[in-house]
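Engineer: Here our numbering = 1-based position in the sequence shown + 414. Just so you know, even glycine gets a beta-carbon here, dropped at the ideal spot from N, CA and C.
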Amino acid sequence: MYYDTLAGTVEAIVEDAVKRELTLHRPSEVWDLCRDHLAYGTTRRGDFKLETIKGKPTGKFFHATIYRISSGRYELTTYIL
Numbered sequence: 415m416y417y418d419t420l421a422g423t424v425e426a427i428v429e430d431a432v433k434r435e436l437t438l439h440r441p442s443e444v445w446d447l448c449r450d451h452l453a454y455g456t457t458r459r460g461d462f463k464l465e466t467i468k469g470k471p472t473g474k475f476f477h478a479t480i481y482r483i484s485s486g487r488y489e490l491t492t493y494i495l
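(1) What does the alpha-carbon distance come out to for the pair Ile496 and Leu438?
(2) What is the rounded straight-line gap between the Cα of Arg458 and the Cα of Leu447?
(3) Three-state secondary structure (DSSP) at Ile427?
(4) Return the Cβ separation of Leu490 and Thr419 in integer angstroms, given the expectation that the two are a contact with Cβ distance under 8 Å.
(5) Applying the 10 Å Cβ sphere with the 16-neighbour rule, what's the burial state of Tyr416?
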């Protein structure tokens, strides 16, 4: 997915976690991804410990990768491992 702002990209991470019914161990850590400027052509990654997936306890992590494209937009990839 592509987004125009870094904050909008981080909001999409939160929305994705809610949609998948994930409970993050420290949800506020997601917002650390947009604390600093992300230069063109660079990537920022966040790995967030999950407490539950759809109400069931788990030891997995929710991973989010943000890449700043040369056009200025942001590409978001999320997955669970």
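Structural biologist: Per the coordinate set shown:
(1) Since the first residue shown for the chain is 415 and the last is 495, residue 496 is missing from the structure and cannot be characterised.
(2) By 1-based counting over the sequence shown, the position of residue 458 is 44. By 1-based counting over the sequence shown, the position of residue 447 is 33. So the alpha carbons of these two residues sit roughly 7 Å apart.
(3) Position 13 of the sequence shown holds residue 427. The answer is helix: DSSP assigns Ile427 an H, G or I state.
(4) Taking the first residue of the sequence shown as 1, we reach residue 490 at position 76. Taking the first residue of the sequence shown as 1, we reach residue 419 at position 5. About 12 Å separates the two Cβ atoms, so there is no contact after all.
(5) The residue you call residue 416 lines up with position 2 of the sequence shown. By the neighbour-count rule (16 or more Cβ atoms within 10 Å), Tyr416 is not buried but exposed.
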